[in-house]
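Residue numbers (my numbering): 3 to 325.
All C-beta atoms, glycine included, are put in the ideal place defined by N, C-alpha and C.
All values reported here derive from a predicted model rather than from experimental measurement.
One structure below.
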Ligand code: UFG
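Spelled out as structure tokens, the structure:
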């Protein structure tokens, strides 16, 4: 059985939907940002906090857990600058508690959701896993801290782990049964789609004077189901002992500017967005584009869905948005 912590969240719920096809799954989520409806009915659901040692003990004592996949983190850069305690408490302290309970129960396989934010403002055009890590906000620091802890636990306690550094997760399940639903929403693609659907007055473009061809920030958007597939492969590699301490980037390898994303949303939906140029948002690097060559050559994973597919699946979800 696989324990998915944060399995009611955006990325966790998409992973669970794939994972239940081949594994027994138990989800632990405190529903602070996740949605109960997002959890596939084939999974066992426990409402509880990652930081609650008693709940964790109960799960490890009651179920034969062979691996843990950890999605339960706060992930807003701006919020992490304003409230670092919240980020270090949940993303670091609670994760450490989870790892402690895992070690005590001899569960030693771990898949960890990390982020492009560990790279800070990278000099590299294409970021690979050897690019220097140098976070510029508490969110990135909190994720990098756990990456270091995992390496130390590997050396001392024989923990086996795979770290997956996501670039910009976007899109929705092709069935449109689950998708992205944050409150408040801060991510670019859902904000544009909400505007196109008439739920917002305008889309603000945060900065048009960056050193990029059209002056707006460039990001690497990756379909949430491509992310889910990468987790399944990583889990397989971990359980078969093919891998025991790895870090992989997960991106499409193509960068799109904010303006290009808006244009693609207009093309996919056939609607015209109302857009205003606004000031830069604090902490935004100009360009973040992944090289995912390593996971392709080692595990055979590559992103299958392009930006149009991402947006058309997100749009389909947006029409029915069930939660
Ligand atoms: N943007 C706008 N207007 C908006 C929202 C976003 O112009 O209303 C711009 C942002 O400035 C950025 C781009 O669109 O240039 C993408 O912004 P998102 O908020 O969608 O995503 P981020 O790149 O800020 O964040 C993502 C993940 C984080 C992760 C970060 C790494 O959501 O968890 O990448 O830098 F930390």
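Check: Is it a yes or a no for the stretch 7-14 touching the stretch 57-74, going by three-plus beta-carbon pairs under 8 Å?; Outcome: yes
Check: Is the beta carbon of residue 135 within less than 7 Å of some heavy atom of the ligand UFG?; Outcome: no
Check: Should residue 40 go down as buried or exposed, given a rule of 16 or more other Cβ atoms within 10 Å for buried?; Outcome: buried
Check: Within 10 angstroms of the Cβ of residue 197, are there 16 or more other Cβ atoms? Answer buried if so, exposed if not.; Outcome: buried
Check: Assess, as a yes-or-no matter, whether the stretch 53-65 is touched by the stretch 74-85 under the definition of 3 or more beta carbon pairs within less than 8 Å.; Outcome: no
Check: Note down, one range per segment and in chain order, each alpha helix (DSSP H) of at least 4 residues found wholly within the stretch 258-286.; Outcome: 260-271
Check: State the start and end residues of the unbroken beta strand (DSSP E) segment that holds residue 120.; Outcome: Careful: residue 120 lies outside any beta strand (DSSP E) and carries neither H nor E.
Check: Between 233, 174 and 116, which has its C-alpha nearest residue 141's C-alpha?; Outcome: 116
Check: Comparing the CB of residue 77 with every heavy atom of the ligand UFG, is any distance shorter than 7 Å?; Outcome: yes
Check: Alpha carbon to alpha carbon, what distance is there between residue 161 and residue 266?; Outcome: 43 Å
Check: So for residue 89, helix, strand or coil by DSSP?; Outcome: helix
Check: How about residue 85: is its Cβ closer than 7 Å to a heavy atom in the ligand GDP?; Outcome: In the structure on display, the ligand GDP does not appear, and the ligands it does have are the ligand UFG.
Check: Please list, in chain order, all residues of the same chain as residue 94 whose beta carbon is under 7 Å from its beta carbon, the five residues on each side excluded.; Outcome: 144, 147 and 148
Check: What are the start and end residues of the alpha helix (DSSP H) that includes residue 154?; Outcome: 140-159
Check: In this structure, does DSSP put residue 307 in helix, strand or coil?; Outcome: coil
Check: Looking at C-alpha atoms only, which residue of 16, 181 and 51 is the closest neighbour of residue 32?; Outcome: 51
Check: Considering only C-alpha positions, which residue in the set 100, 132 and 19 is nearest to residue 249?; Outcome: 132
Check: By the 10 Å Cβ neighbour count, where 16 or more other Cβ atoms means buried, how is residue 188 classified, buried or exposed?; Outcome: exposed
Check: What separation, rounded to the nearest whole angstrom, lies between the Cα atoms of residue 215 and residue 177?; Outcome: 36 Å
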